[in-house]
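Chains as they are written, first to last, in our numbering: chain A, 1 to 470; chain B, 471 to 940; chain C, 941 to 1410; chain D, 1411 to 1880. For glycine and all other residues, C-beta sits at the position ideal for the given N, C-alpha and C. As the structure is a computational prediction, the values presented were derived from the model and not from experiment.
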């Protein structure tokens, strides 16, 4: 039984903190758990280890390991994975808990690609991936994945940039491993993870061998630097409810002469497989995305429905349409997750979520999250932008005024709680942050469109029409 | 020459502050100018007095007064008013400067309604409005307008609420004036104005006489309490650029036994005119809204266009479509303002913006602002959500990494500045606040729809069709 | 083995025609098969009997019967039903083949409701439904369903109308049965079916007993009159391709003193169950709708994709977006069908498609079909509106000009065929007809919205939020 | 006084018909007026000469000429032109009357471009254009304009096509003129016009001199062939109301060794000006488009509003939203026309409609016309797709049933008339035809987007932002 308890993870984090280079608001951080804001991000990851019934007995390893690491072999495994991610997100108040989800997304795609590369090029990556997988699963580790390079001038390829390190690049090949330099953006919960998996961000071509690299390293590896975004949803909103207990951070992750031993290198120079690995990870991770996003939507749906009642407008037709709008958003994502699981691609003994349905769900989410926010705003009213502060609400004299005058069909006290939550969801820095995430996390809309059209079989419908025209 | 200088306004504010009851984050504020955050809101209003070429010679008053107080007599006056509001907003970096705009919106609607009421009911409101108007114009005052009641249970009328004061109500009629109780929401820049005009929020009917009231009072009147919303766009975002110099606040404005002398009472018990006054003010103020919103859009348009270049994606078709989307948003609003001015309704010697076109512009803005934000996010990339903090950027060591790695087609330094602005506009608490404002300020979408269908002449097109069918 | 051959159906139709009262373009029709236009509608239904592999062995009946009549007992049965309808539609060139689909939709809902009514009110409807079902299945009949009443003034209930028969009503109760009067709109393929099932259109209440009626009759019953809509998609477009071989018609179906024997009466006076029956049928039939609509979409998708190539614009980004738009339309409908089947409601031993997902699919179809058409138009170009006629294309001299000048990347000949099809789909009377169908067939958007919000469980997400706020 | 009467035009047409080569449905047409269908198109153009108050006194010509030929010198002229086109469209029951509108659009753009070319290249086109203009105006002629080439493979330029004549090309240069070959698509009302103006469809470059040509010819010029599209909106819908009296046709217009004398050649080989001429004409003609489209919308708005009442659903909120949707469509187009006129570009002594606002109006129309149709369908109900035919309505016996059962809040007789019109507008071949027109006529959406982004001044807003960031 290898499943860790929350406390074990926290102890590991305390230990790990000593050797890590982490910056927050211009200062080097010594301990996550002692930091007034960042401790919440750490505790969020810690909740992973408290999630009920999170293990399963794995026959190959002969151990009970985390369900996140269960390699999907069929539709049911993928449906269970969808439910796991959904439920774990609900468990964390609608906030995704990324660490083992993204880590396993990366591991599954590495398993598939390494097998193919080995077969074609006679390498031995699969064994290394498999060893790493076992190490991770048996130690029940928290993982982060760094994929998106900082990219520089988007009109140029990696090798054409003014600076060679705007995409992560191998700068030196040593006997016992490689040295890399560069930076990755948006690495979620990186510095509270124990391990970091690094994947290429895109397809590469001849001449870009040194950019075609995948590997893993401990997060306290020398030369790794994490610069954490400001947690404004909490530090900037004293009345926040969700972010006070659950949020995730991203870092700009800098690799300065970072050494990776060979046994941790999973792709090196095989530029023909860089794009496939990137896409495969994207598919697994977008499946994860539509799963957690449906749970996030529950926050919007529940708050909108309750505020409609609190305001006394639950019978207005435009309010009904707002609620339906959010229902459609949630359920179209769930439908796409379910069908993605059912119609999975099976390759190298692993069930891959169907990229068509996964991308449809993600694209729908990209394009329509703004309407979910707008629906909540429409129902909540302008007051969520002009709501007095938490400090006012904690001042006894002012509180009395507020409870008197912010009464709706519900009491002032109850309605104010709902308004605070609605503000957090729809009229705060959390909102702004989410708007961007919902558009760009797990790939931009263009990325999903490219993926969709590439995978879609147009030949069948073309033949259908050609036969009619014969 | 009555036009005040900035310093005169600031002195008046200092004086005024002594007697005002203002709260911010649970504490009573003694001086706006000495407050680290709130001084910016005061200075924002002060910029009104620095706006170049802001006066005109008024023949009736035989003085040079603020152009905001020029009563519109024809299309040109309204077109000039549109341009004045647009330019003044551009002057304040895209942030509306409300004080004399909303004040004059209220005064013009009071002028029209008071004349009609006087004629029908033999009252003498017009003279009182006129006197007040001259007082305000000659003293070049900063004004605020409180209209939206807190409203309680939206399914009930004012008189049906559990608490009689969920709509502002006359609680006592005295020999020399009236006493009012209640609260108004969303009073913009209230506590930095010198005068507050109070208008009814909706149509009233028999039995609601005591809710049918309009008046004005100095902002330091006894019993008035202002609770300011938290300025999170500044206090919660250390890298803010716009909000550091320009923002506006709203207050929950509480009236506790506030006395209003008769000469300042502009409507009292004439419930039949309450709705007309509310709508007329809404029309003037929505015309103001589409004027300032076009200027606000310039921020989004310019930032999107520059970031497209900075990222090296200015030739991508989806980027072109994002830019076009913002152009359409801006220009449809401007078109509606222009046509609203051209096809104005002329009544009681005042040119009223055409409510059809004003509402079309506002409705388009309500429904499409989210797409403007999404367009900027699409072009800017996910980095605006995960951008390291201002404190990191001020740390010399980290700064060097950031400028190296956040380079695009533009240098890291230049691109970071654009990203900071893009973050403020599209991924911050300012964004969340704006989303709500753009949906609810100057009336909800439902309010505009109701206004539009009420004013639109469907008879003509029905007759057109009936003639065809004859 | 009861499965009929096409010829058996056609013979039955010939016989049936003798006693039926059918009108087309102002004239009484004696024979479908001899009518130059209407014979196609008959042959369309006849194709039902040619669809390959259409039977299954039913254990209860100890016979091979049509798969349409297989009562769904679980998810797989519903998934198979979805596939059956999709494939049969593809078999008919994208045109739905309604007869046994709608008939079984009605039968399944009658089975459920009759069982419930029997249990609650001690009636014996279920046995009658069951007998009728066996009769229909064993004789492999073609069925039509009449549900939508003509409704008169939509602001009034059935019993409040000026004319009592604007909803179908029992006008006389006899010893051996009932007599009904009224009219039903939109009865698809009614007059080529052998049997007509009549269902109530909505919930009824006390005092509306005589409107609360369900029954079945042969289509050649005395007093039944069918007025067929003009088949303009064929008669008005000489270059039509699809409609020349497959289309369906609707009738205004008039009931003039139509007698129904008791054994064919399935609901009578039980007004409390009228709404449930109407909704249940709607659910089954909407599931059918999203199944055939995905197949119809194949026509649009294939034509758009081929025309993009024929025009030489297949690499334009807006063309890719048009194609993606149609893909999303199709796949969201398919996803909703699949999930609807998986998450079915099981009641009275029958698997009912989940009304939430069924309505989501239908609503998405209602709202977005216009965009499918617009996407095809965008890719095809204006030429589909101004294309010379079939007669020009059959004139040798003109044909040569046309093939020369309508050349694209494909030859003139090939491109013209595609343009003719694109015209039929997107710029013809078929288009107009379809636009209305896609909005109103199987219920309006309002109907789906009402269904969705009624069935959706908001309590769970409300509780989720309430727990967070505790 | 040169203004012709209807009869004079019709006589001219009779004369003209003798020498023209016109095909309809595979047959050569000898006389428009004697053709059962095509006479309506001729009479439609004839209505141009009956439009009340259609002349103005032109000082230069010293004659009263058609207002269409009034060269716009300022905003008022353009506003009057907008009103002229709008009113003339209303006069023709919502159907555009193109002949002198498009003709003058072409003449104005030729006036401007010829002057510029003359100045730069020392040619003498302007005089020829001016002479032609006077000839046309003084004879009050009906004009057509052929611009869109058939284009072949859209991925290739004119000179790269397999067939050199897929863009109209000069095939021979003679002493007295040029000979052209090729074909133009979509020439509206070509064969009922007396003159045809031919313009280039796009920008040309070096090597494409022979494609860079503009000229005019009488419609009965030898070698010109007109193939008219089938008039399905009339021939395919016996219950049509509008099309029975007013419609316009388009032709595929073939040029087979057509000779043009030098005095009628307005551009030849000046490839640098081909694009400017094409765009300038597009701008004038799109201004015309948004003017006639607002009048067309009146049909939809009036019919929707009346049918809402006829159905008894005028108080439903979704019906209100449908009506508002159509109002927005109409008024945004009108706003764009008005602002386009006000903010015109003045060049070569001619006021050109502002291309930004013109394109915004047109683009809005392109994207939203489908929603106008959908709104009408939503309100009208499914009955417009399944409405019995005109022949049924003319059969006395059936008529009685129909009037009884199609009763709404209005009588059956009145409602049926509205339903017939609604069918024509939203569920007929006219609908399909219009959908394509509203997307492609006067240029595709891509064309408008390209025009918009090219003309828009982004520099100002970029500078605004750059100044903020300084």
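Distances from the alpha-carbon of residue 1687 of chain D to those of D:1718, D:1640, D:1622, D:1795 put D:1622 closest. Around the beta carbon of residue 351 of chain A, 16 or more other beta carbons lie within 10 angstroms, which makes this residue buried. By the neighbour-count definition (other C-beta atoms within 10 Å, threshold 16), residue 1294 of chain C is a buried residue. Within chain B, no residue has its CB atom less than 7 Å from the CB of residue 1650 of chain D, the nearest being about 12 Å off. With a cutoff of 8 Å on beta-carbon distance, residue 1141 of chain C and residue 1101 of chain C are scored as not near each other. Taking C-beta separations shorter than 8 Å and ignoring five residues to either side along the sequence, the partners of residue 1591 of chain D in its chain run 1575, 1578, 1579, 1581, 1665, 1666, 1667, 1668, following chain order. Going by DSSP, residue 298 of chain A is part of the alpha helix (DSSP H) stretching over 274–311.
For the 8 Å CB-CB criterion, residue 75 of chain A and residue 341 of chain A form a contact. Neighbourhood of residue 1727 of chain D in chain A, by CB distance below 8 Å: 317, 318, in chain order. Following the DSSP letters along the chain, one finds residue 1663 of chain D inside the beta strand (DSSP E) bounded by residues 1660–1671. Pairwise C-beta distances place the stretch 1418–1430 of chain D out of contact with the stretch 356–366 of chain A, as fewer than three of them are shorter than 8 Å.
Across the stretch 1768–1784 of chain D, CB contacts with chain B closer than 9 Å involve 1770, 1771, 1773, 1774, in sequence order along the chain.
Think of a sphere of 9 Å around the beta carbon of residue 1863 of chain D: the chain B residues whose beta carbon falls inside it are 790, 793, 794, 797, in chain order.
Distances from the alpha-carbon of residue 1726 of chain D to those of C:1256, C:1349, C:1135, C:1096 put C:1096 closest.
Looking from the CA of residue 1502 of chain D, the closest CA among D:1654, D:1606, D:1848 belongs to D:1654. Leaving aside the five residues that flank residue 1705 of chain D on each side, the residues in its chain whose CB is nearer than 7 Å to its CB run, in chain order, 1496, 1499, 1500, 1504.
A Cβ-Cβ contact shorter than 8 Å links residue 348 of chain A with residue 111 of chain A.
560, 563, 564: these are the residues of the stretch 544–565 of chain B whose beta carbon lies less than 9 Å from some beta carbon of chain D, given in chain order. When Cβ-Cβ separations below 8 Å define contact, residue 1866 of chain D makes contact with chain B.
Taking 8 Å as the cut-off, the beta carbon of residue 1413 of chain D is found closer than this to the beta carbon of residue 1474 of chain D.
If you check the CB distance, residue 885 of chain B and residue 780 of chain B come in under 8 Å.
CA-CA distance, residue 584 of chain B to residue 680 of chain B, rounds to 18 Å. By the Cβ rule, the stretch 917–927 of chain B counts as touching the stretch 1727–1739 of chain D, because three or more pairs are nearer than 8 Å. Exclusion of the five residues before and after residue 428 of chain A leaves 237 as the residues of its chain whose Cβ lies within less than 6 Å of its Cβ. Counting C-beta pairs with one atom in each stretch, the stretch 1594–1611 of chain D and the stretch 1538–1558 of chain D have three or more that are closer than 8 Å, which means they touch. Taking 8 Å as the cut-off, the beta carbon of residue 893 of chain B is found closer than this to the beta carbon of residue 854 of chain B. Beta bridge pairing from DSSP links residue 686 of chain B with B:667. With 16 or more other Cβ atoms inside 10 Å of its own Cβ, residue 1037 of chain C counts as buried. Annotated three-state conformation of residue 1371 of chain C is helix, per DSSP. Looking at the DSSP output, residue 1500 of chain D sits in no beta bridge, so it has no partner there.
The alpha-carbon of residue 421 of chain A is positioned some 6 Å away from that of residue 241 of chain A. Taking C-alpha positions only, residue 389 of chain A is separated from residue 702 of chain B by approximately 10 Å.
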